[in-house]
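Each residue of the sequence shown is one higher than the one before, counting from 2 in our numbering.
Glycine included, every Cβ here is placed at the ideal spot set by N, Cα and C.
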Amino acid sequence: MEKDYIFDTSSDLGRHHMDCLENVLDGPTTRLLEAIGVRSGQRCLDLGAGGGSITRWLAERTGPTGKVVAVDIATDHLVEGPGIEVHRHDIVDGLPVDGPFDLIHARLVLVHLPQREKVFETLVNALAPGGWLVLGEFSGRPLKVVSAPTDEDRTLWERMMYLSHEVLGPTRGIDFDWAHKVQGRMEQAGLANVQAMEYSETTTGGGDGCLLHRNLNQQAEPLLLGLGATPTELSRYRDLMLDPRFRAWFYQFVCTAGQRPPH
Ligand SMILES: C[S@@+](CC[C@H](N)C(=O)[O-])C[C@H]1O[C@@H](n2cnc3c(N)ncnc32)[C@H](O)[C@@H]1O
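Printed below as a string of structure tokens:
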């Protein structure tokens, strides 16, 4: 069966993918986690933990008596250690360990999964009384170019964004509308103190955001070629992602938190 998640975190490109995400998103993510409060002794779940930066951040905050359970289908970059337990597991099959958890974090996981509603329910049901669910997702806001070396480069960027987000994504179950549905879903599920933030920055050729776009384009190459992209287009686009004369808005990151009522 074709797997749902397009990318391979275990690969070298996957490792670089995780590094780019951490560099761009750990700041806004930890600001929200700080705001809701993470304390020593808490039991946390980091779903789709990837490179493990948020797992390690949570372990520092919850130690020495707390525990972070890191779950991913690819655990090559996750290291067990004091307060960190790693499970190679597909969340679509349910949780690998029983809850409840004081905090569940999943960044850029549910957006990818066609079974997101089922996974969402699994996560809500695993919250301890007073426990927080924090979901970070990319929205489908158009990624506008700020400056490009030529008009052809602008057009090429728009074509790659169209193929990646409007053609390839939906056929593989990616739902960029989900990011802005999360608040409503949390409220329907009975979570309290629901709050969210949107974050985005511009990215310049050679910067982490452009390097991430380049990386995703490399990982998705066979799929993009199958959709009609040409090798020349892919090659020019990848050069553009290294060109400091190019700048565009990066993905809008929407991070939403909700709390199971304490009683
Ligand atoms: C886009 S990456 C995000 C990684 C990390 N959360 C971050 O933001 O830096 C998505 C991660 O979810 C994992 N993943 C995808 N499908 C999964 C599934 N069904 N169950 C568990 N993990 C999954 C992938 O292997 C990958 O490491």
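How long is the line joining the alpha carbons of residue i and residue j, rounded to whole angstroms?
i, j, result
"residue 225", "residue 70", "35 Å"
"residue 210", "residue 108", "16 Å"
"residue 192", "residue 152", "47 Å"
"residue 146", "residue 212", "15 Å"
"residue 111", "residue 25", "19 Å"
"residue 247", "residue 241", "7 Å"
"residue 3", "residue 264", "Note on residue 3: pLDDT 49, under 50, position unreliable in the model; no value is reported."
"residue 14", "residue 77", "13 Å"
"residue 75", "residue 113", "15 Å"
Starting from the C-beta of residue i, find all residues in its chain whose C-beta is less than 8 Å away, skip the five residues before and the five after it, and write them out in chain order.
i, result
"residue 12", "220"
"residue 253", "139, 140, 142, 180, 199, 200, 201"
"residue 188", "195, 259"
For residue i, name the three-state secondary structure that DSSP assigns.
i, result
"residue 161", "helix"
"residue 239", "helix"
"residue 13", "helix"
"residue 68", "strand"
"residue 81", "coil"
"residue 18", "helix"
"residue 130", "strand"
"residue 210", "helix"
"residue 217", "helix"
"residue 259", "strand"
"residue 92", "helix"
"residue 168", "helix"
"residue 76", "coil"
For ligand 1, I want to know if residue i counts as a neighbour, meaning its beta carbon is within less than 7 Å of at least one of the ligand's heavy atoms.
i, result
"residue 52", "yes"
"residue 73", "yes"
"residue 214", "no"
"residue 108", "yes"
"residue 19", "yes"
"residue 168", "no"
"residue 113", "yes"
"residue 91", "yes"
"residue 6", "yes"
"residue 14", "no"
"residue 172", "no"
"residue 22", "yes"
"residue 26", "yes"
Which same chain residues end up closer than 7 Å to residue i when comparing Cβ atoms and leaving out the 5 residues on each side of it in sequence?
i, result
"residue 50", "56, 71, 72, 73, 79"
"residue 228", "164, 168, 169"
"residue 23", "52, 54"
Can you find the residues in the same chain that come closer than 6 Å, C-beta to C-beta, to residue i, ignoring five residues on each side of it along the sequence?
i, result
"residue 183", "136, 257"
"residue 133", "37, 104, 258, 260"
"residue 204", "210, 211, 251"
"residue 93", "116"
"residue 27", "54"
For the stretch 166-179 and the stretch 13-29, state whether three or more C-beta atom pairs, one from each stretch, are separated by less than 8 Å.
-> No contact exists between the stretch 166-179 and the stretch 13-29.
Segment contact, 8 Å Cβ cut-off, at least three pairs: the stretch 80-88 with the stretch 56-68 | Between the stretch 80-88 and the stretch 56-68 there are three or more inter-stretch CB-CB distances shorter than 8 Å, so the stretches are counted as touching.
Is there contact here, the stretch 121-132 with the stretch 145-162, by at least three beta-carbon pairs under 8 Å?
-> With the cut-off at 8 Å, the stretch 121-132 and the stretch 145-162 do not touch.
Is the stretch 41-48 touching the stretch 103-118 in the sense that three or more CB pairs, one from each, lie closer than 8 Å?
-> Touching, yes.
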